[in-house]
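Okay, structure first, notes after.
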Amino acid sequence: MDSSKETTDKQGLTMERALDIAHAFSKTRHEDAENLTLIWLDVPTNKNNDISKRSIITEQFHRIFNNVYTFDDIDAFIDHTTEVRHEFIFLIITDFSISSANIGHILNRAGQIYSLYILQNEDAMIQHELELRRFRGRFSSATEMCVQLRKDATKCEHDLIGFHAVGNKNRTNDEQEANFMYAQLSKEYLLDIANSETNDITEMIEYCRHKYVGNQHELSRINELEKNYSNHSPVWWYTCDGFLYKMLNKALRLQDIETLYAMRVFTKELHEQLVNLHHSQRNDFMNSGKTILYRGQHMSLNEFLPLKNNQGGLVSMNSFLSTSKNINVAKVFAGDNSYILDDAIVAVLLKIHVTINDSDDIPPFACIDGFSFFASVENEVLFSMGTVFRIESITEQTSDGNFWLIELNLTNFNDPQLTELTQYMREQVQHALPRDRLYNLLVHIGRHTQAMRFLQLALQEVKNSDQPSQAALRHQLAFIFHEMGDLQEAIAEYERSLTIFLSYLADDDPKLAVTYANMSSVYRDLGELDYALAYIQRALDIDEQHNSHETILAARFHCMGMIFYDQRKVDQAIEQFEKALSIWTKHLPATHPNIAELLNNLATIYYQQKRYDEALHMYEKCLDIETKSLPPDHPSLAITYNNIALTYYHKGQYPDALDFSRKAIELSSRSLGEQHSNRQIFQNTFEIIRRKLFGSLQGEDVVE
111 MDSSKETTDK
121 QGLTMERALD
131 IAHAFSKTRH
141 EDAENLTLIW
151 LDVPTNKNND
161 ISKRSIITEQ
171 FHRIFNNVYT
181 FDDIDAFIDH
191 TTEVRHEFIF
201 LIITDFSISS
211 ANIGHILNRA
221 GQIYSLYILQ
231 NEDAMIQHEL
241 ELRRFRGRFS
251 SATEMCVQLR
261 KDATKCEHDL
271 IGFHAVGNKN
281 RTNDEQEANF
291 MYAQLSKEYL
301 LDIANSETND
311 ITEMIEYCRH
321 KYVGNQHELS
331 RINELEKNYS
341 NHSPVWWYTC
351 DGFLYKMLNK
361 ALRLQDIETL
371 YAMRVFTKEL
381 HEQLVNLHHS
391 QRNDFMNSGK
401 TILYRGQHMS
411 LNEFLPLKNN
421 QGGLVSMNSF
431 LSTSKNINVA
441 KVFAGDNSYI
451 LDDAIVAVLL
461 KIHVTINDSD
471 DIPPFACIDG
481 FSFFASVENE
491 VLFSMGTVFR
501 IESITEQTSD
511 GNFWLIELNL
521 TNFNDPQLTE
531 LTQYMREQVQ
541 HALPRDRLYN
551 LLVHIGRHTQ
561 AMRFLQLALQ
571 EVKNSDQPSQ
581 AALRHQLAFI
591 FHEMGDLQEA
601 IAEYERSLTI
611 FLSYLADDDP
621 KLAVTYANMS
631 SVYRDLGELD
641 YALAYIQRAL
651 DIDEQHNSHE
661 TILAARFHCM
671 GMIFYDQRKV
681 DQAIEQFEKA
691 LSIWTKHLPA
701 THPNIAELLN
711 NLATIYYQQK
721 RYDEALHMYE
731 KCLDIETKSL
741 PPDHPSLAIT
751 YNNIALTYYH
761 KGQYPDALDF
771 SRKAIELSSR
781 SLGEQHSNRQ
791 IFQNTFEIIR
801 RKLFGSLQGE
811 DVVE
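Going by this note's numbering, the first residue of the sequence shown is number 111, and it counts up by one from there.
Written out as structure tokens, the structure reads:
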């Protein structure tokens, strides 16, 4: 690492790795730009003739759907259909391509299928009628079918708003709470990033072209947007029936950070137009007293039940929310439960109560009559993304239609529960630069691959002469490599970062303490404990020299304790842990993740000393904190599940051990890379417990 050639080669390798990881994130299989995708099974009877017709029909489908997948092989068709996770599938099957029994089997296996259509050959005889959920009918021509497809696609897109509900204090759910906080803060930070930049949509245009490559119909619309963007308002473009609304709607629904980042300038301008319209219309809303707005739609039971179970709590709408002053318009969109064939879908009518006072600080909303693409539409009111409502009541209506009435009250930004939910997380990720705030948020909730993508974007933009930014970004890159288990790359990036820092900072500058501490952590994971101890001592010396805050010193004590533990110096480890715990319990909230980690380490010592009851108690306290402060897929939860499994194993409580071991495996499969060492550790634990439980383990014990 002393030679310049080695450093250059290593740097190239690191950035190549970063780019590979980021591109893998952006090229997930079956990941469409929009909410909807069309899959067509068409087994040809006359290959040349049928393939020619198929090309013409596919072009018709492309005018409604961006992604159109055509299959003439049943196995490939089934594999693809059952693997789609985030898009809603419009399934078309040419008559005689597959039996009705197999169609029913596919509908049961593929949960993302929204509707089914049969394209009937012109000379086919109708031999049976399908009585299946989501079956929309038989059609003798693609043109006839496209009329129904467009109608159904518009309805489905309207219904896909995405939201996060969170209960009141007495009924809160930790997973809902974490998702709610993330949705609120990511929106805020994306707007901050866009506000710090020029209003240039070039990046969005290129991103859209990449997403719609091969779709000539939408590519022509993208060219039109690029040419005429300044001729219309953001509201006009958003309400235009095209790719922009569909892409943004899906990205907001799924909280797809990469797409939201690419569309940040347009999103900001749309939000700002609503802010300005709201300001100009505010007096009109105030003079009218309480305003009631309506929205009708269908919801899946998976969406509806969290609302029904959290009455009195809050709901945050991920997307821009379209509503109407006209209840009859909303009822048309709601429909009637009596006519919904799918028992997993319910008709709902949102009744939104809005009261504005002079002092209210509320999310922006505005009547967009005269600004919308649809000039004939009246009384449409559009709320900005992330608007939060309180769920007042949910009741079933049978006298005036058959639907569920959901009554909501618009909250203001000073709502005590809303403030409490977001303030602490905001403090944890605070930073002067908007992009760093979003990066810190992604890291804090365990979305490391997306954080890597942001670092890639930032490194492309930062000039080589900007040493502070280069050093900081490489430090962050090293941290992500460490989190993802790539220890050698982490050390290489930390050393590069340190070299840049030392070129313009004094060797005892307090900024260096963080780098030294993080390098200590990597060396500890590599098993090089002497290096680890030397680096953490260097960090502690700098912090004490500059009278750093007690909580920072506690972090150093904690790290030092872990190194002593690895060196089998248990008494010294406990001494450092207790010093850290004393400080953190004094300064940090009871649910702070640092306290959870410290409790985990103390529990591990008790475990090693075979004090299993005390260890289990500590692990359970750790898990309680983690479930309240971390997202449900955070990797730390998997470690705690595995530790609890091992403790139950040694207590002889094998069913409990197996249950927690299974949780560790399931979570790690979602949150860790395939090569991460913890995944194999968790699998080994599971196998040992399983064999012990079922009586086939012959004198084997858990390897600790």
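Idealized CB from N, CA, C, for every residue including glycine.
Determine which residues share a DSSP beta bridge with residue i and list them.
{"i": "PHE273", "result": "MET427"}
{"i": "GLY247", "result": "TYR227"}
{"i": "CYS256", "result": "Looking at the DSSP assignment, CYS256 forms no beta bridge with any residue, so it has no partner."}
{"i": "TRP347", "result": "TRP347 pairs with nothing; no bridge assigned."}
{"i": "HIS408", "result": "ALA457"}
{"i": "VAL464", "result": "THR401"}
{"i": "PHE475", "result": "PHE493"}
{"i": "PHE200", "result": "LEU148 and SER225"}
{"i": "PHE181", "result": "LEU151"}
{"i": "SER434", "result": "TYR404 and GLU490"}
Just reading off the alpha helix (DSSP H) that residue i is part of, what are its end residues?
{"i": "GLU654", "result": "639 to 655"}
{"i": "THR505", "result": "First-last for THR505: 498 to 507, but that is the beta strand (DSSP E), not the alpha helix (DSSP H)."}
{"i": "PRO544", "result": "544 to 554"}
{"i": "PRO578", "result": "577 to 593"}
{"i": "HIS320", "result": "312 to 321"}
{"i": "ARG634", "result": "621 to 636"}
{"i": "LEU663", "result": "660 to 676"}
{"i": "GLU724", "result": "722 to 739"}
{"i": "ARG563", "result": "558 to 571"}
{"i": "ASN753", "result": "745 to 760"}
{"i": "LEU615", "result": "Where LEU615 is concerned, there is no enclosing alpha helix (DSSP H), given that its DSSP letter is neither H nor E."}
{"i": "ALA683", "result": "680 to 697"}
{"i": "THR714", "result": "703 to 718"}
{"i": "ALA372", "result": "367 to 372"}
{"i": "ASN359", "result": "353 to 364"}
Report the residue from the options whose alpha carbon sits nearest the alpha carbon of residue i.
{"i": "TRP346", "options": "ALA664, THR695 and VAL487", "result": "VAL487"}
{"i": "ASN512", "options": "LYS441, ILE555, MET495 and TYR549", "result": "LYS441"}
{"i": "GLN230", "options": "GLU254, ASP205, ALA252 and ILE693", "result": "ASP205"}
{"i": "ALA275", "options": "LYS761, GLY496, SER343 and PHE674", "result": "GLY496"}
{"i": "LEU733", "options": "LYS261, ARG363, ILE652 and ALA748", "result": "ALA748"}
{"i": "ILE455", "options": "GLN222, ARG363, HIS697 and LYS773", "result": "GLN222"}
{"i": "ARG374", "options": "ARG319, GLN407, VAL425 and TYR299", "result": "TYR299"}
{"i": "THR312", "options": "ASN333, ASP189 and VAL323", "result": "ASN333"}
{"i": "SER509", "options": "ASP446, TYR227, SER306 and LYS461", "result": "ASP446"}
{"i": "ASP189", "options": "PHE245, HIS744, LEU151 and VAL323", "result": "LEU151"}
{"i": "ASN628", "options": "ASP617, ASP618 and GLU593", "result": "GLU593"}
{"i": "ILE167", "options": "THR253, ALA665, ILE684 and HIS389", "result": "THR253"}
{"i": "ALA444", "options": "VAL257, VAL425, GLN655 and ALA457", "result": "ALA457"}
{"i": "VAL153", "options": "PHE187, THR349, TYR355 and HIS727", "result": "PHE187"}
{"i": "LYS321", "options": "ASP302, ALA690, GLY399 and ASN145", "result": "ASN145"}
{"i": "TYR292", "options": "ILE684, LYS679, ILE754 and ILE555", "result": "ILE555"}
{"i": "LEU597", "options": "ASN519, ILE213, ARG634 and GLU267", "result": "ARG634"}
{"i": "GLU382", "options": "PHE475, SER426, SER429 and GLU316", "result": "PHE475"}
{"i": "LYS679", "options": "LEU639, PRO703 and HIS342", "result": "LEU639"}
{"i": "ALA755", "options": "LEU740, LYS738, ALA774 and SER746", "result": "ALA774"}
{"i": "CYS350", "options": "LEU329, PRO416, SER390 and PHE483", "result": "PHE483"}
List the endpoints of the continuous beta strand (DSSP E) containing residue i.
{"i": "LEU417", "result": "LEU417 -> not in any beta strand (DSSP E); alpha helix (DSSP H) instead, spanning 411 to 418."}
{"i": "TYR339", "result": "Per DSSP, TYR339 belongs to no beta strand (DSSP E) and is neither H nor E."}
{"i": "GLU517", "result": "513 to 520"}
Roughly how far, in whole angstroms, is the beta-carbon of residue i from the beta-carbon of residue j, given that I think they are within contact range, below 8 Å?
{"i": "LEU431", "j": "PHE493", "result": "4 Å"}
{"i": "GLN586", "j": "LEU615", "result": "Contact flag wrong, Cβ pair sits at about 17 Å."}
{"i": "ALA600", "j": "ALA588", "result": "5 Å"}
{"i": "ALA372", "j": "MET314", "result": "5 Å"}
{"i": "ILE501", "j": "ASN420", "result": "6 Å"}
{"i": "ALA263", "j": "PHE200", "result": "7 Å"}
{"i": "ILE504", "j": "ILE462", "result": "Contact flag wrong, Cβ pair sits at about 13 Å."}
{"i": "GLN686", "j": "MET670", "result": "5 Å"}
{"i": "ILE203", "j": "CYS256", "result": "Actually they are not in contact, since the Cβ atoms of ILE203 and CYS256 sit about 16 Å apart, beyond 8 Å."}
{"i": "ILE516", "j": "MET562", "result": "Their Cβ separation, rounded to whole angstroms, is 39 Å, which puts ILE516 and MET562 out of contact at 8 Å."}
{"i": "ASP653", "j": "ARG666", "result": "6 Å"}
{"i": "TYR815", "j": "THR750", "result": "This structure gives no information on residue 815, because the portion of the chain shown stretches from 111 to 814."}
As an exercise, report each continuous alpha helix (DSSP H) stretch of at least 4 residues that is fully enclosed by the stretch 770 to 804, in chain order.
Whole alpha helix (DSSP H) segments, 4+ residues: 787 to 803.
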